[in-house]
Amino acid sequence: MKTMTCESVRDLLPELAAATLDTGSRAAVEVHLARCAECAAEQALVAAIRAAAPEPPAGLGARINLALDRPATVPPRATWARPVAIAATAAFALLTGGLLIRSQQRTTDVADADVVAAVPVGWPAVQAAPMLRVAPTLHDLSMEELESLLAELDS
Amino acid sequence: MSTIGLHVVAPSEPDEGSLIARARAGERDAQEALIGRYLKDVYGVTYRVLGEADLAEDAAQDALVNALRGMHRFRGDSSFRTWLLRIALNAARSVVRKRARRREVALAIVENTPNGEPDAAKRAVVRDEAARAGRMVDRLPPKQRMAVALRVNHGLGYAEIAKLLDCTEGAARVNYHLGIKRLRELLHEDDDV
Chain S
1 MKTMTCESVR DLLPELAAAT LDTGSRAAVE VHLARCAECA AEQALVAAIR
51 AAAPEPPAGL GARINLALDR PATVPPRATW ARPVAIAATA AFALLTGGLL
101 IRSQQRTTDV ADADVVAAVP VGWPAVQAAP MLRVAPTLHD LSMEELESLL
151 AELDS
Chain C
1001 MSTIGLHVVA PSEPDEGSLI ARARAGERDA QEALIGRYLK DVYGVTYRVL
1051 GEADLAEDAA QDALVNALRG MHRFRGDSSF RTWLLRIALN AARSVVRKRA
1101 RRREVALAIV ENTPNGEPDA AKRAVVRDEA ARAGRMVDRL PPKQRMAVAL
1151 RVNHGLGYAE IAKLLDCTEG AARVNYHLGI KRLRELLHED DDV
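Structure follows, in structure tokens:
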């Protein structure tokens, strides 16, 4: 049987206390403990700590099961928070949409000149104008998309 | 764990994989089985962090409910138990942060002794060695306390402890041994009083 050092024995004391050591290792550890008072004292301490493991109170498991049966709740928000958030979202969407339209108009000014030049005289102007990609307004958003936008703004 | 190549027998966990798969699919009996299997582990961790039974109970409940509702987040990168213990640690830390913010409890709850110095009456009542050892564990600094609890009460190796406590494996090992050393000193001091 391999002789063990105090260090290697002390590393295995939790497994000895938990009875998860294989037979050979347990025998080697016990041989060492029989002749080493310091390691034996530590073994007694580890066994005592293990015996002192905190026990969950009776009924906790049942309470957790009950909690799992309840639907998950969304954290409550202050009653004033939602209107304020919607107003902020609306302002954000309008501002962003306006900026995008202005930006698009600037870039299409140059392009329009080319397009107009290529369009036969007499065609309605609307046909000649390139399609504008305008940011969606609040009316275009579904409730889910609105919720998602709110969540983004909150984060 | 051991530097001399000795083997440790892993505790048998029959049907763990199928239990997890069924719980993930929302089967309540599988969820109940997992609660029964890991409640003591989860409560043990929250208690060691918080040092108060009521708080530990709430944190354990939060941890298990959140874990079982978020089973899709378990990827199998660690054992299910280690994943669950991490959630328990986070739930307990969250309680500490909330209470600290509300100034009900100073952060010292996790930095120092949760129960303070035991008075003579308590010492007279608590004769049992295990209870005394448990009381002394509560007096360890947090990193040592958690390393000792995770190693002895939960049977984790240093690598798993390191993952849970966000430290190196070497630091986990040092904290465990420092904790044991300090416990022996505390018990000697207690004997001398």
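Quick mapping for you: the protein sequence lines, in order, are chains S and C. Residue numbers for the first sequence follow our numbering, so the first one is 1 and each next one is one higher. Residue numbers for the second sequence follow our numbering, so the first one is 1001 and each next one is one higher. In this text, a Cβ means the ideal position worked out from N, Cα and C, and glycines have one as well.
Chain S contact residues for residue i, given Cβ-Cβ distances below 8 Å
i         : result
C/Arg1151 : Pro14
C/Gly1036 : Gly61
C/Glu1057 : Pro56, Pro57 and Leu60
Coarse secondary structure for residue i, derived from DSSP in three states
i         : result
C/Leu1156 : coil
C/Leu1183 : helix
S/Leu21   : strand
S/Cys36   : coil
C/Leu1140 : coil
S/Glu7    : helix
S/Leu12   : helix
C/Gly1076 : coil
C/Ala1106 : Its pLDDT being 43, under 50, C/Ala1106 is placed unreliably in this model, and the value from its coordinates should be taken loosely. Reduced to three states, the DSSP call for C/Ala1106 is coil.
S/Asp109  : Note that S/Asp109 scores a pLDDT of 47, beneath 50, so its modelled location is shaky and nothing firm can be said.
S/Thr73   : coil
C/Ala1091 : helix
C/Gly1026 : coil
S/Thr96   : helix
C/Glu1129 : helix
S/Ala117  : Low local confidence applies: a pLDDT of 44 at S/Ala117 is under 50, so the model's placement there is unreliable, with the coordinate-based value given in what follows. Note: S/Ala117 maps to helix in three-state DSSP.
C/Glu1016 : helix
C/Asp1166 : coil
C/Glu1057 : helix
C/Gly1134 : helix
S/Glu55   : coil
C/Leu1178 : helix
C/Glu1189 : helix
S/Gly61   : helix
C/Glu1111 : Residue placement at C/Glu1111 cannot be trusted, given a pLDDT of 42 that sits under 50; what the coordinates show is reported in the next sentence. Three-state result, C/Glu1111: helix.
C/Gly1044 : helix
C/Gly1036 : helix
C/Gly1052 : Reading off the sequence, residue 1052 of chain C comes out as Glu, not Gly. Looking at C/Glu1052 - three-state DSSP - the assignment turns out to be coil, as it is neither helix nor strand.
Sub-9 Å separation of residue i and residue j beta-carbons
i         : j         : result
C/Tyr1045 : C/Leu1019 : Residue identity differs from the one stated: residue 1045 of chain C is Val in this sequence, not Tyr. Taking 9 Å as the Cβ cut-off, C/Val1045 and C/Leu1019 do not qualify as a contacting pair.
C/Ala1131 : C/Ala1092 : no
C/Ala1147 : C/Gly1170 : no
C/Val1152 : S/Ala17   : yes
C/Leu1057 : S/Pro57   : A small fix is needed here, since residue 1057 of chain C is Glu in this sequence, not Leu. Cβ atoms of C/Glu1057 and S/Pro57: closer than 9 Å.
C/Gln1061 : S/Leu60   : yes
C/Glu1129 : S/Ala44   : yes
C/Leu1164 : C/Thr1082 : yes
S/Asp69   : C/Arg1028 : yes
C/Val1174 : S/Ile49   : no
S/Thr20   : C/Gly1155 : yes
C/Arg1073 : S/Ala72   : no
S/Met4    : S/Val46   : no
C/Tyr1158 : C/Ala1172 : yes
S/Leu12   : S/Glu42   : no
S/Ala53   : C/Gly1134 : yes
C/Gly1095 : S/Ala67   : Here the sequence assigns Val to residue 1095 of chain C, which means Gly is not the residue at that position. Not closer than 9 Å, so no.
C/Leu1187 : C/Leu1140 : no
C/Lys1181 : S/Glu55   : no
Contacts that residue i makes with chain S (C-beta to C-beta distance below 9 Å)
i         : result
C/Gly1044 : Ala53, Pro54, Glu55 and Pro56
C/Ile1180 : Arg10, Leu13, Glu42, Leu45, Val46 and Ile49
C/Leu1039 : Pro56, Leu60, Gly61 and Ile64
C/Arg1184 : Ala41, Glu42 and Leu45
C/Val1023 : One point to set straight first is that residue 1023 of chain C is Ala, not Val, in the sequence displayed. Simply none; closest approach about 10 Å.
C/Val1137 : Ile49 and Ala52
C/Gly1076 : What C/Gly1076 touches in chain S: nothing, since even the nearest Cβ is about 22 Å away.
C/Ala1060 : Pro56, Leu60 and Ile64
C/Gly1134 : Ala48, Ile49, Ala51, Ala52, Ala53 and Pro54
Neighbour list for residue i in chain C, Cβ cutoff strictly below 9 Å
i       : result
S/Val31 : Near S/Val31 there are no residues of chain C at all, since even the closest Cβ is about 13 Å away, more than 9 Å.
Per-residue contacts from residue i into chain C (C-beta, under 7 Å)
i        : result
S/Ala18  : Gly1155
S/Ala175 : As displayed, chain S neither begins before 1 nor continues past 155, which places residue 175 of chain S out of reach and without an answer.
Residues that residue i contacts on chain S, provided the C-beta gap is smaller than 7 Å
i         : result
C/Leu1064 : Ile64
C/Gln1144 : Simply none; closest approach about 12 Å.
C/Ala1130 : Ala48, Ala51 and Ala52
C/Glu1197 : Nothing about residue 1197 of chain C can be read from this structure; chain C reaches only from 1001 to 1193.
C/Glu953  : In the structure as shown, chain C begins at 1001 and stops at 1193. Residue 953 of chain C is therefore absent and cannot be evaluated.
C/Ala1091 : Simply none; closest approach about 12 Å.
Residue i Cβ short of 8 Å to the ligand FAD heavy atom set
i         : result
C/Ala1147 : No copy of the ligand FAD appears in this structure; indeed no ligand is present at all.
>> Output needed in chain order: residues of the region 51 to 67 of chain S with a Cβ under 8 Å from some Cβ in chain C.
In response: Ala51, Ala52, Ala53, Pro54, Glu55, Pro56, Pro57, Leu60, Gly61, Arg63, Ile64, Asn65 and Ala67
> Closer than 7 Å, Cβ to any Cβ of chain S: which residues of the region 1148 to 1176 of chain C, in chain order?
Replying inline: Val1148, Arg1151, Val1152, Asn1153 and Gly1155
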